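Just below is one structure, and these are the notes that go with it.
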Amino acid sequence: MRILQRSAFHDDLHPRYRPYALPMARNVVLARGGAMATETDNLQTAYPRNSGFEKWFRMPDAAQLSVKGINKSSLAVTEIRYDRPDYGMTDPVIRQDGFTIGLQLRPYDFHELWYDGKAIPVHGVRPGDTLLFDLRTVQAARLTVPFHSLQFFLSRGLLNELADDLGSPPIDEIHCRKATPVTDPVIARLGAAVRPALMAPDQANDLFASHLMLALSIYVCATYGDLRTPRDLPGGLSAWQERAAKELIEAHIDGSLALARVAAVCGLSTSHFAHAFKASIGVAPHRWLLQRRVERAKALLAGRESLTDIALACGFADQSHLTRVFRRATGFSPGAWRQQLH
């Protein structure tokens, strides 16, 4: 299972949106639903069960990642899987002022969706297809074959926060045909990026989560919601902004820091900060954080601390997490690096 490579993701985006859709870091894994994080600023990461899909499908332990915005708006992804052919009807969906983007991971020939009491058939769904729905109208589904999907929930509030952030009019609709699958390689690759995170929730990184959800939100708004971004993109950070951002990120080397909090310290919106940081530093904030972790590990390897203690001191989940990231960055395992120093 791999996490999305930078070049593949960016090649599918219109050039205007590439500065915002930042690359996805490898080796960074998010968290499983159920444990609530402390709230901070807009576009903050948390892990509540708040999108409703786990209730709709009667799967209370479904893996979920959620990003919280201002005024309780949110974007969440839930992995839904059922391996038998006898599921039947879902529970009625919780009506919400938002949209769902359902990335299908398993093929099926037929199922039914119910809109305001009327059944609409869905045919010929392939792995990688996406179904988009307005949650003000979708009520239930009847499923007679095994299914597996990632369900992204985007609240209208979050989409309009993003539009306002980018100086665009509010987004009234996400344009999609009812019960009609679309093939969208960008959404499919974002799904490939988030799946390992949902499967292995022991390596949380809030900066990565913020970037992932920001990229998805902007892409969906631009492609299906008529988002208009400014023609003149902002430049890089000033000297004081760069210094403040670096100091704050390094002070939270464990990754427990929302992108919005760093942006607020710099006096910028989340999306503008994400672009400006990369323009100034050359890498996204979460990538710079990984680089700083590796540099701190190098310094500690000159001493006598155990590799386990070094891993924890540098914000890695465990020694194996340290070894994977360190080897990818340097070509050496931490033990081999230490031997070279002595």
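Quick note: the sequence shown, position 28, residue 28 per the UniProt record's numbering, numbers continuous.
Idealized CB from N, CA, C, for every residue including glycine.
No experiment lies behind these values; they were computed from the predicted model shown.
Check                                                                                                                             : Outcome
Reduced DSSP secondary structure (H/G/I, E/B, other) of Gln96                                                                     : coil
Arg338 to Ala302 span [Cα, whole Å]                                                                                               : 7 Å
C-beta atoms of Gly98 and Arg177 nearer than 7 Å                                                                                  : no
Contacts around Val325, its chain only, beta-carbon distance under 8 Å, and the 5 residues preceding and following it disregarded : Asn27, Leu290, Arg293, Val294 and Phe316
Ser333 CB to nearest heavy atom of the ligand ATP below 6 Å                                                                       : The ligand content of the structure shown is nil, which means the ligand ATP is not present either.
Under the three-state DSSP convention, the category Ala317 falls into                                                             : coil
Residue of Arg296, Pro170 and Val93 minimising C-alpha distance to Ala329                                                         : Arg296
Alpha-carbon spacing of Tyr219 relative to Ala263, whole angstroms                                                                : 20 Å
Extent of the continuous beta strand (DSSP E) to which Ala258 belongs                                                             : No beta strand (DSSP E) holds Ala258; DSSP gives it neither H nor E.
Boundaries of the alpha helix (DSSP H) in which Leu290 is found, first to last residue                                            : Pro285 to Leu301
Cβ-Cβ distance between Ile171 and Cys221 below 7 Å                                                                                : yes
Collapsed DSSP secondary structure at Gly117 in the structure displayed                                                           : coil
Supposed close pair Trp63, Phe53 - CB separation, criterion 8 Å                                                                   : The sequence as given places Ala at residue 63; Trp does not occur at that position. Not really, about 11 Å apart at Cβ, beyond 8 Å.
Rounded separation between Gly34 and Leu341 - CA only                                                                             : Any reading at Gly34 must be qualified, since the residue scores a pLDDT of 33, below 50, and its modelled position is unreliable; no value is offered.
Glu173 to Val145 span [Cα, whole Å]                                                                                               : 31 Å
Distance CB(Leu143)-CB(His123) smaller than 7 Å                                                                                   : no
Beta-carbon contacts of Val125 that lie in its chain and below 7 Å, excluding the five residues immediately before and after      : Gln104, Pro107, Tyr108 and Pro181
Span separating the alpha-carbon of Ala244 from that of Thr270                                                                    : 15 Å
contact_flag[the region 76-87, the region 188-202] where n(CB pairs < 8 Å) is 3 or more                                           : yes
Residue from Phe277, Met89 and Ala140 with nearest C-alpha to Arg95                                                               : Ala140
Test item: CB-CB of Leu75 and Thr100 under 7 Å                                                                                    : no
Three-state secondary structure (DSSP) of Met213                                                                                  : helix
Classification of Pro15 by the beta-carbon crowding that lies within 10 angstroms, buried from 16 upward                          : Note on Pro15: pLDDT 40, under 50, position unreliable in the model; the coordinate value appears next. It counts as exposed.
Euclidean distance between Cα positions of Leu227 and Ala274                                                                      : 18 Å
For Glu242 and Ser280, believed in contact at Cβ under 8 Å, the rounded distance                                                  : 6 Å
Simplified DSSP assignment, three categories, for Glu54                                                                           : helix
Buried or exposed by the 16-neighbour rule on C-beta atoms within 10 Å, applied to Arg84                                          : exposed
Spatial neighbours of Leu307 in its chain, beta-carbon cut-off 6 Å, leaving aside the 5 residues before and after                 : Gln319 and Pro334
Three-state secondary structure assigned by DSSP to Arg338                                                                        : helix
Per-residue burial, Asp86 [other beta carbons within 10 Å of its own, 16 or more giving buried]                                   : exposed
Beta-carbon proximity check, Asp206 vs Leu162, cutoff 7 Å                                                                         : no
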